[in-house]
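This report concerns only the one structure given below.
Number of protein chains: 2
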Amino acid sequence: MSQLTVALDMMGGDHGPSITVPAAAQALSLLPGLNLLLFGPQPVLSPWLQRVGLSDHPRVRVYHCSQLVDNEHKAAYALRHLTDSSMRRALDALARGEAAACVSAGNTGALMAMAMKVVDRVPGVDRPALITRLPQNNGGYALLLDVGANVSCDAGQLVQFALMGEQASRHLLAQPAPRVALLNVGAEANKGTEAVRQAARQLAAMADFRYVGYVEGDDLFSGRADVIVCDGFVGNVALKTSEGVARLLLGAGRRRGLLWKMLTFWLKKRLSHLNPDQYNGASLIGLRASVVKSHGSAGSPAFLNAILQAVAEVEHHLPASIAHRFDTAPQDSHAR
Amino acid sequence: MSQLTVALDMMGGDHGPSITVPAAAQALSLLPGLNLLLFGPQPVLSPWLQRVGLSDHPRVRVYHCSQLVDNEHKAAYALRHLTDSSMRRALDALARGEAAACVSAGNTGALMAMAMKVVDRVPGVDRPALITRLPQNNGGYALLLDVGANVSCDAGQLVQFALMGEQASRHLLAQPAPRVALLNVGAEANKGTEAVRQAARQLAAMADFRYVGYVEGDDLFSGRADVIVCDGFVGNVALKTSEGVARLLLGAGRRRGLLWKMLTFWLKKRLSHLNPDQYNGASLIGLRASVVKSHGSAGSPAFLNAILQAVAEVEHHLPASIAHRFDTAPQDSHAR
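This is the structure we're talking about:
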């Protein structure tokens, strides 16, 4: 990895610097070419930075911010009034080109609104989408989007998500010809909402695109598709439901003896990719630069993963490849 | 249990009589007061009935039908043209009062459309909903609705589902004061679609109703609510996603040695309620009589469970209790 700078919102998420500072320190020691811009209130950050030896690190610059975005803030309020928040300032640095990517564990709605205003979208993209990886039965990964940036979507947006997801699969997971599916309540053509059925018709008609039809919830892990597209409400519920099942099982294992402890250990390993603490980082894609959203309630390993994911996206030129795809895809396929 | 008659669509689901006939035989031997009306083409049913000794059973009557509803049929087509199908004839028997409940593993859309036309709704209910049970971390169950009868819902429908779910929890799960929640993408008041937010305001304003706010996907199994309400697209994806996670884990267990076989055994037990083959039966509630939808791809134990569930609903007078609730609830709470 050559030299590369990432802007971090140090105050997002439920735990703030107690999570973000140790993750930043670990990322710096793992990646010798990484530079970090840290955004947050200096008095709050300083003791944490001192503790892990980042107070005077040559590859770290700290920017004092006087405001915070919390989960109760509405996106519109945050956009208008929290212009000196750690989230906004980190995105500003990204927009000015001082950083190549930005990571935040903060309020998703505010992050989405600010990123759209400050960072700007790829031409042809109406709304960015949150995309995440899901483990598959065959040992690989599929990508799911949108997992929460847009609670309702029309057909045109779903088609755009399909194009963005295809590029992410190609560049981040090295799938040469990703199979793209729409998430629905049945496999038959007449199933689902009008938006999903209309998106299906548009995707099926696209040249140079491997649309494989509808998949259902139980196909999220079956390996039947490399990219699975849905609106943000459905994707968010599906993702959190799988976390819930994981917890249901781990909770049951805790109550038993040695055999069950071993079992829990195995389950934990198997479920780690459904566990927000280890597997993490949903990317906001469709923007001109990489913005990674870390899980709000997750720990330090998750925030580290989100930083590494941001680095990977920069190194694989994901935003540029999406821009190129929208530039060359037939106009009618993503027109509203 | 006193005498009680259930109408069975013998031809629904992926496997038809090979599944439904053994389940019928088992239900009859378990419940001495049960009478069954079996609907399907006589030439197809006969050999199966002979095999399990039901050809001349005193508590069985077989009704020949000349048509079938399959999964490719659109609801509107089935409604208009498949009036001699096993599904329709079973519902007709329910509507005429010859049976107290009906069970089918067939096409959900067709079942919904036919049931609405033939069986009629409880006054005040715009659309019936599919409701199912989910295992909870605390060992109990929560009810989730809608899991697929209505792909999109307005606020008024979600409020109606909440009232129906409350009655189902009270009468089927003996919860004296069920905690009712709306499924959403976050806990904050500003999250979600307009329909969900509006339903939240209406439920919060209702007297004699225990609305506990929003829950997220990972709360489907956490024990935080007794009834969880969402539209049918979201509920269907959530339910099938949990089945998918279960299969992801069981699939992993299959590849290992003895210890992992034990583990798989335990997992199977733990996951049985997420497994369509053992745990099953989503009820179409909001109708004047009980209609239970068995999982299309499930086996004989699942169809048996669906029959037992239909019997339980009749014995607990679920349709009448929902009618009573809609009769006494303040008019504005469920008005459109």
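Here the protein sequences line up with chains A and B, keeping their order. Here this note's numbering is used: the first residue of the first sequence is 1, the next is one more, and so on. Here this note's numbering is used: the first residue of the second sequence is 337, the next is one more, and so on. Virtual Cβ for every residue (Gly too), placed ideally from N, Cα, C.
(request) Indicate whether at least one CB of chain D lies closer than 8 Å to the CB of Leu220/A. (result) Absent from the structure: chain D. Protein chains present are A and B.
(message) Within 8 Å of any Cβ in chain B, is that where the Cβ of Lys74/A sits?
(response) Chain B, which has a Cβ nearer than 8 Å to the Cβ of Lys74/A, makes this yes.
(request) Have a look at the DSSP bridge pairing and note the partners of Ala343/B. (result) Leu373/B, Cys438/B
(request) Would you list the one or two residues that DSSP bridges to Tyr343/A? (result) Here chain A has residues from 1 to 336 only, and residue 343/A is not among them.
(request) Figure out for me which residue from Pro655/B, Ala451/B, Asn572/B has the closest Cα to the Cα of Val215/A. (result) Asn572/B
(message) For Ala485/B, count the other beta carbons within 10 Å of its own beta carbon; 16 or more makes it buried, fewer makes it exposed. Which is it?
(response) buried
(request) Please confirm if Leu248/A has its CB atom under 8 Å from at least one CB of chain B. (result) Yes - at least one Cβ of chain B is within 8 Å of the one on Leu248/A.
(message) Taking the beta strand (DSSP E) that Arg397/B belongs to, which residues open and close that run?
(response) 396-400
(request) Determine the DSSP secondary structure at Gly235/A, reduced to helix, strand or coil. (result) helix
(message) Quick check: what's the CA-CA separation for Arg282/B versus Ser626/B?
(response) Residue 282/B lies beyond the range of chain B shown here (337 to 672); nothing can be said about it.
(message) Beta-carbon within less than 6 Å of Gly140/A's beta-carbon, same chain only, minus the 5 sequence neighbours each way: which residues are those?
(response) Here the set comprises nothing.
(message) Taking 7 Å as the limit between beta carbons, can you name the residues of its chain near Ala115/A, skipping five residues before and five after?
(response) Only Leu91, Pro128, Leu284, Leu287, Val291 meet the Cβ criterion.
(request) Closer than 6 Å by C-beta to Asn520/B: which residues in its own chain qualify, once you throw out the five before and the five after it? Chain order, please. (result) Lys527, Gly528, Val532, Tyr550
(request) Note the first and the last residue of the continuous alpha helix (DSSP H) segment covering Lys453/B. (result) 444-454
(request) With 8 Å as the threshold, decide whether the Cβ of Asn150/A is near any Cβ in chain B. (result) no
(message) Can you pull the chain A neighbours of Leu519/B, defined as C-beta to C-beta under 7 Å?
(response) Val237
(request) Mind reading off the beta-carbon distance from Gly576/B to Leu466/B? Whole number of angstroms is fine, and I expect it under 8 Å. (result) This sequence places Lys at residue 576/B; Gly is not what is there. Contact flag wrong, Cβ pair sits at about 13 Å.
(message) Assuming contact is defined by CB atoms lying nearer than 8 Å, are Thr132/A and Val147/A in contact in what I supplied?
(response) yes
(message) At the level of alpha carbons, what is the spacing between Gly253/A and Ser2/A?
(response) Reliability of the predicted coordinates at Gly253/A is poor, the pLDDT of 48 falling under 50, and the value obtained from them is presented with this limitation in mind. Going by the C-alpha atoms only, they are around 45 Å apart.
(request) Could you spell out the range, first to last residue, of the beta strand (DSSP E) harbouring Ser626/B? (result) 626-629
(request) Kindly indicate which three-state DSSP category Val521/B falls into: helix, strand or coil? (result) coil
(request) Go to Ser619/B, then tell me how far its beta strand (DSSP E) extends in each direction, as first and last residue. (result) 618-621
(message) Quick check for students: name the residue ranges of the beta strand (DSSP E) that lie wholly in the region 480-535 of chain B, counting only runs of 3 or more.
(response) Unbroken beta strand (DSSP E) runs of no fewer than 3 residues, entirely contained in the region 480-535 of chain B, are found at 516-519, following chain order.
(request) Show which residues of chain B have a CB atom less than 8 Å away from the CB atom of Asn305/A. (result) In chain order: nothing, as chain B lies at least about 19 Å away.
(request) For chain A, find out if any of its Cβ atoms is closer than 8 Å to the Cβ of Thr468/B; answer yes or no. (result) At a cut-off of 8 Å between beta carbons, Thr468/B makes no contact with chain A.
(request) Please name the residue, chosen from Asp663/B, Asp562/B, Val650/B, Phe639/B, that lies closest to Ala513/B on a Cα-to-Cα basis. (result) Asp562/B
(request) Compute the Euclidean distance between the alpha carbons of Val439/B and Ile643/B, then round it to the nearest angstrom. (result) Each residue's alpha carbon lies about 6 Å from the other.
(message) Comparing C-alpha positions only, which one of Ala363/B, Leu508/B, Arg537/B, Ser505/B sits nearest to Leu518/B?
(response) Among Ala363/B, Leu508/B, Arg537/B, Ser505/B, the Cα nearest to that of Leu518/B is on Arg537/B.
(request) Closer than 7 Å by beta-carbon distance: list the chain A residues that pair up with Gly348/B, in chain order. (result) Residues of chain A passing the Cβ test: none, with the nearest at roughly 15 Å.
(request) Using beta-carbon positions only, say whether Leu640/B and Ala363/B come within less than 8 Å of one another. (result) yes
(request) May I have the straight-line CA-CA distance separating Ala656/B from Ile564/B, to the nearest angstrom? (result) 21 Å
(request) Using the Cα positions of Ala491/B and Leu539/B, report the straight-line distance between them to the nearest angstrom. (result) 10 Å
(message) In this structure, how does DSSP classify Ala642/B when only helix, strand and coil are distinguished?
(response) helix
(message) Under 8 Å: do the region 20-40 of chain A and the region 49-62 of chain A share three or more Cβ pairs, one atom per stretch?
(response) yes
(message) On the CB-based measure, 16 or more other CB atoms within 10 Å of its CB, does Glu579/B come out buried or exposed?
(response) buried
(request) Return the first residue and the last residue of the beta strand (DSSP E) that Val551/B is part of. (result) Per DSSP, Val551/B belongs to the beta strand (DSSP E) from 547-551.
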